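These notes are about the structure you will find just below.
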Amino acid sequence: MNWRHFLYLCLLAFVVTLALIIGWRLSDQAMAVIVGVVAGVAASIPTSLVVAWITVQGRSALGAQASSAAAPPVQPQVIIVHPAPAAAPNNAASPQSGRSLTVLPAYAAPESTALNGLPFGPRQFTIMGEQDTSAANY
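Heads up: the sequence shown runs through residues 1102 to 1239, numbered per the working numbering.
Printed below as a string of structure tokens:
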């Protein structure tokens, strides 16, 4: 017997013993969860292999078509970006001279307004089931 076979048998015996000990100690619900996870993983393996096989077949078919059709190489597009001219500091010659379209204006905090046209003031709450104290006593 080869030492590798002996190592594989020892590993197999360890895994089987561990599975039996865990199986006896776990509750039925925990065992059902574990079996469900294992079954889900086992069901996903063939699907993953089929998807990988279809992807490889599609790529090899596209590669064969691309190599058979000798197309001239495509020239890359050249994009030139001109930087915006620097704004003159504090130049009051024209109102647009100091304006730069690349810089956002300063943030202005919104003004507080009344909600739905109601004036601001202390909120009044009515507790259901409590007697109304504002009514006249009779």
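Think of the CB as a built atom: it goes at the ideal place given N, C-alpha and C, for glycine as much as any other residue.
Every value quoted in this text rests on a predicted model; they were computed, and no experiment measured them.
Collapsed DSSP secondary structure at Phe1226 in the structure displayed
Position 125 of the sequence shown, counting from 1, holds the residue named residue 1226. Coil, per DSSP.
Minimum length 3: unbroken beta strand (DSSP E) runs contained in the stretch 1109-1143
If we require 3 residues or more, the stretch 1109-1143 turns out to have no beta strand (DSSP E) run fully inside it.
Taking 8 Å as the cut-off, is the CB of Ile1123 close to at least one heavy atom of the ligand NAP?
This structure does not include the ligand NAP; it has no bound ligands of any sort.
Mapping DSSP to helix, strand and coil, what is Pro1147?
As a first step, residue 1147 is located in the sequence shown; it is residue number 46 there, counting from the start. In the displayed model, Pro1147 falls within a helix according to three-state DSSP.
C-beta atoms of Gly1124 and Met1132 nearer than 9 Å:
In the sequence shown, residue 1124 corresponds to position 23, counting from 1. In the sequence shown, residue 1132 corresponds to position 31, counting from 1. Their beta carbons are under 9 Å apart, which means Gly1124 touches Met1132 by this criterion.
In three-state terms, what does DSSP make of His1183?
Within the sequence shown, numbered from 1, the residue matching residue 1183 stands at position 82. The three-state reading of DSSP puts His1183 in coil, since its state is none of H, G, I, E or B.
Spatial distance of His1183 from Arg1160 (CA atoms):
Residue 1183 sits at position 82 when you count from the first residue of the sequence shown. Residue 1160 sits at position 59 when you count from the first residue of the sequence shown. Linking His1183 to Arg1160 through their CA atoms gives a straight-line distance of about 40 Å.
Could you give the DSSP three-state label for Asn1192: helix, strand or coil?
For this step, residue 1192 is matched to residue 91 along the sequence shown. Residue placement at Asn1192 is flagged as unreliable, the pLDDT there being 49, under the threshold of 50; the coordinate-derived value follows with that caveat. Reduced to three states, the DSSP call for Asn1192 is coil.
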